[in-house]
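>
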Amino acid sequence: MPLLIAIGVIALILILMYNSLIARKNQVDNIFAGVDAALKKRFDLIPNLIASVQEYMTHEKELLSNITRLRTQGLKPNLSDTEKIALDQQVTSALGSLMISVENYPDLKANDNIMNLQRTLNETESQIAAARRAYNQAVTDYNNIIEMFPTNYMASWMNLTRKEVFVIDEHERENVDVKELFNAS
Amino acid sequence: MKSISDLTDFYYNTLYPTIESLEEQRKALANRAWRMFAAMALLAVAGIFLRWYYFHAFDALSSMFVIAGAIIAAWRYRHMIQDYRLEFKMRVMKPLVEAIDSTLHYMPAASVSQTLFERSGLFQGHIDRFEGNDLIQGSIASVNLQFSDLHVESLTTDAKGNSHRTTIFQGLYIVAEFNKHFKSQTILLPDNAEKIFGSVLGNWLQSKHFGRDPLIILDNTAFEKAFVVYGNDPIESRYILTHTMMERLLNFKQKVAHPVSISFVDANIHIAIAYNKDLFEPTVFQSLLKYDNTMSYIRALSLAVGIVEELKLNERLWSKL
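Protein sequences, first through last, are from chains A and B.
This note's numbering puts the first sequence at residues 9 to 193.
This note's numbering puts the second sequence at residues 11 to 331.
Structure representation (structure tokens):
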């Protein structure tokens with residue numbers, strides 16, 4: 009009888025460990041789906057943005073084609089999470105450069121369509137930023153549980169490996185002054 | 011919006027003659043109230059004495075004289091100060107509110123509705139009595155805002171089977187339009203567990219909070235120490251609580267010396283500040299001219315109206331333009 013109880017307790021602990029590992033793994037996947045949705049939203053904005061700015065921006069052809077190329081890459085099926093994370097960083101910085109370049113074209117800055125696109129992009133960027141932070145927290149929880157004793161043994165048996173987090177740029181942490189942004193646009 | 015010093019100037023320059031005349035009224039009222047209390051106390055003592063003199067008893071019935079005296083005195087007092095209270099509110103509070111912003115409406119007898127209180131999801135427990143007053147409603151920099159004093163109680167039964175009222179919330183309750191669209195619910199409560207037990211044990215205890223949405227851990231240590239956050243959409247909670255917003259909320263919390271609970275529900279922000287007293291009431295046994303009393307009205311009003319500026323609720327994203 010005591011042996012049976014001991015086996016029962018051990019089995020229960022193993023089940024709880026297994027379930028909590030699976031819950032953390034699924035949480036990461038669920039939140040990544042949210043990140044993905046926000047990233048797609050941004051990809052959807054790109055064609056319209058490029059079409060609106062390209063006739064004015066004669067000196068930034070390379071930057072525009074780079075953004076288009078990144079978008080094509082980003083929409084490829086079967087991209088791994090790590091690839092998507094790497095692409096996100098490139099798209100964020102390329103779009104950032106594009107928005108800075110817009111400042112050099114007064115006609116473009118005053119264009120209603122561009123202003124609207126800039127605001128939509130700003131809104132989408134803030135949704136992406138929120139999704140990235142949620143994902144990073146889920147990954148941190150997941151990485152902690154797969155490295156902590158005793159769940160680390162079960163995690164290695166389940167072939168669970170560490171996941172990458174998004175690098176949050178320092179400027180993202182800074183205050184976004186919307187008023188400034190509106191004045192600039 | 012006017013600053014605290016502008017409002018203090020307005021109070022002393024414009025409202026002072028009114029307050030002086032109300033002060034005379036207050037003195038007379040305080041005298042009458044003391045006389046009434048003394049008469050009630052005398053009647054209770056007389057009752058106890060007569061009971062002892064004729065029946066040689068000092069029992070439950072004797073204490074009933076005291077209880078009855080206290081109840082009648084409280085009822086009489088409430089009735090006595092009614093006109094004075096209303097006059098203070100209409101002649102002092104109303105102009106003060108309008109001086110902050112002419113679009114603000116002041117309704118002394120009304121309050122934020124029970125529906126708006128329950129919608130916030132901040133407080134749990136069945137509401138037995140919902141009371142409030144001093145509703146202020148309006149639009150500051152195109153942001154709709156309302157706030158009032160609230161006193162919300164539940165009925166609880168102790169181990170002996172005696173039921174008594176427990177306060178769920180008493181203080182200032184503010185509801186304002188938020189500048190972002192969202193569908194989820196995010197609740198921020200004062201973080202007591204983390205303060206007492208530290209972050210690891212505190213977080214574990216908070217994650218076991220039944221009846222609440224899952225715990226959300228945020229990437230700002232100071233904010234995490236100040237608030238415990240529950241939400242049903244971890245991405246949307248972070249969409250609302252950006253790094254900038256967390257800083258603003260922390261600053262706001264530091265300004266308020268009372269527990270603050272905040273919720274984001276139905277595209278609105280709900281803020282409950284537990285002052286544990288009825289604000290915006292005139293004093294009866296203390297001078298109306300006392301500086302501290304004056305400043306407490308002005309500070310509470312500017313704090314509530316100031317949230318629009320403090321949290322930059324007027325900086326709308328294009329989707330809410």
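All C-beta atoms in this analysis are idealised placements derived from N, C-alpha and C, irrespective of residue type, glycine included.
As the structure is a prediction and not an experimental result, all values here were calculated from the model.
At 8 Å on the CB atoms, spell out the chain A contacts of residue 252 (chain B), in chain order.
Here the neighbours are 134, 137, 138, 184.
> List the DSSP bridge partners of residue 143 (chain B).
Answer is B:159.
> Tell me, which residues are paired with residue 279 (chain B) by DSSP?
Its beta-bridge partners are B:186, B:274.
> For the segment 124-138 of chain A against the segment 69-81 of chain A, do three or more pairs of beta-carbon atoms, one drawn from each stretch, fall closer than 8 Å, so that the two count as touching?
Touching, no, given that fewer than three Cβ pairs across the two stretches are closer than 8 Å.
> Buried or exposed for residue 243 (chain B), going by 16 or more other Cβ atoms inside 10 Å?
By the neighbour-count rule (16 or more Cβ atoms within 10 Å), residue 243 (chain B) is buried.
> From the DSSP output, in three-state form, read off residue 25 (chain A) for me.
Residue state, collapsed to three classes: helix.
> Under 8 Å, do residue 147 (chain A) and residue 36 (chain A) count as touching if we go by C-beta distance?
Yes.
> For residue 84 (chain A), count neighbouring C-beta atoms within 10 Å of its own C-beta (all shown protein chains included) and say buried if the count is 16 or more, exposed if not.
Per the 10 Å Cβ criterion, exposed.
> Which ranges would you report for the alpha helix (DSSP H) in the segment 22-102 of chain B if only whole runs of at least 4 residues count?
26-65, 70-98, all fully within the segment 22-102 of chain B.
> Looking at C-beta atoms only, is the number of pairs between the segment 23-41 of chain B and the segment 65-84 of chain B that lie closer than 8 Å three or more?
With a cut-off of 8 Å, the segment 65-84 of chain B and the segment 23-41 of chain B do not count as touching, because too few Cβ pairs lie within range.
> Select from B:89, B:286, B:186 the residue whose C-alpha is nearest the C-alpha of residue 314 (chain B).
Here the closest residue by C-alpha is B:186.
> Could you list which residues in chain B have their beta carbon closer than 7 Å to that of residue 42 (chain A), in chain order?
Per Cβ cutoff of 7 Å: 245.
> Exposed or buried, which one is residue 17 (chain A) when buried takes at least 16 other CB atoms within 10 Å?
With fewer than 16 other Cβ atoms within 10 Å, it is exposed.
> Answer yes or no: does any C-beta atom of chain B fall closer than 8 Å to that of residue 145 (chain A)?
By this cut-off, residue 145 (chain A) is an interface position.
> What does the alpha-carbon distance come out to for the pair residue 187 (chain A) and residue 323 (chain B)?
With a pLDDT of only 44 at residue 187 (chain A), under 50, the local geometry of the prediction cannot be trusted, and the value read off the model is given with reservation. If you take the alpha carbons of residue 187 (chain A) and residue 323 (chain B), they lie about 12 Å apart.
> Quick check on this structure: which residue in B:93, B:231, B:96, B:195 has the alpha carbon closest to the alpha carbon of residue 208 (chain B)?
The residue with the shortest Cα to Cα distance from residue 208 (chain B) is B:231.
> When you compare each of B:286, B:148, B:257, B:258 to residue 269 (chain B) by their alpha carbons, which one comes out closest?
The shortest C-alpha separation from residue 269 (chain B) is found at B:286.
> Is residue 178 (chain B) closer than 8 Å to residue 164 (chain B) when the C-beta atoms are compared?
Yes, the pair counts as a contact, with Cβ atoms nearer than the cut-off.
> Would you kindly work out how many angstroms separate the C-alpha atoms of residue 95 (chain B) and residue 292 (chain B), rounded to a whole number?
Taking the straight line joining both Cα atoms gives about 6 Å.
> Residue 77 (chain A) touches chain B at which residues, Cβ-Cβ below 9 Å?
Neighbours of residue 77 (chain A) on chain B: none; closest Cβ ~28 Å, over 9 Å.
> Give me the DSSP bridge partner(s) of residue 165 (chain B).
Per DSSP, B:175.
> Hey, how far is the Cα of residue 202 (chain B) from the Cα of residue 69 (chain A)?
If I take the Cα positions, the gap works out to 56 Å.
> Specify whether the segment 28-44 of chain A and the segment 134-142 of chain A touch according to this definition: at least 3 beta carbon pairs, one from each stretch, less than 8 Å apart.
Result yes; three or more Cβ-Cβ pairs closer than 8 Å.
> What is the rounded straight-line gap between the Cα of residue 47 (chain A) and the Cα of residue 96 (chain A)?
Using only the alpha carbons, I get a separation of about 8 Å.
> Return helix, strand or coil for residue 268 (chain B), following the three-state DSSP convention.
If DSSP states are grouped into helix, strand and coil, residue 268 (chain B) belongs with coil.
> Quick one: what does DSSP say residue 98 (chain A) is sitting in, helix, strand or coil?
Looking at residue 98 (chain A) - three-state DSSP - the assignment turns out to be helix.
> So does the segment 141-156 of chain B actually touch the segment 301-310 of chain B, counting three or more Cβ pairs closer than 8 Å?
Result no; under three Cβ-Cβ pairs closer than 8 Å.
> First and last residue of the alpha helix (DSSP H) that includes residue 233 (chain B)?
Here the alpha helix (DSSP H) through residue 233 (chain B) covers 231-236.
> Let me check you understand the geometry: is the CB of residue 280 (chain B) closer than 7 Å to at least one non-hydrogen atom of the ligand NAD?
In the structure on display, the ligand NAD does not appear, and there are no ligands present to speak of.
> Please state if the CB of residue 282 (chain B) and the CB of residue 192 (chain B) are separated by a distance shorter than 8 Å.
Not in contact: residue 192 (chain B) and residue 282 (chain B) (Cβ atoms no closer than 8 Å).
> Three or more beta-carbon pairs under 8 Å between the segment 106-118 of chain B and the segment 143-153 of chain B, yes or no?
Touching, yes.
> Is the Cβ of residue 94 (chain A) closer than 8 Å to any Cβ of chain B?
So, not an interface residue.
> Could you tell me the distance, in whole angstroms, from the CA atom of residue 170 (chain A) to the CA atom of residue 98 (chain A)?
Roughly 23 Å separates the two Cα atoms.
> Only counting runs of 4 or more residues, tell me where the alpha helix (DSSP H) segments fall wholly within the segment 104-166 of chain A, in order along the chain.
List check, alpha helix (DSSP H) in window: 114-118, 120-155, 159-165.
> Between residue 311 (chain B) and residue 67 (chain A), what straight-line distance do the alpha-carbon atoms span, to the nearest angstrom?
Their backbone Cα atoms lie some 55 Å apart in a straight line.
> Residues in the segment 215-235 of chain B with C-beta within 7 Å of chain A's C-beta atoms, listed in sequence order?
Of all residues in the segment 215-235 of chain B, 227, 229 have a Cβ within less than 7 Å of some Cβ in chain A.
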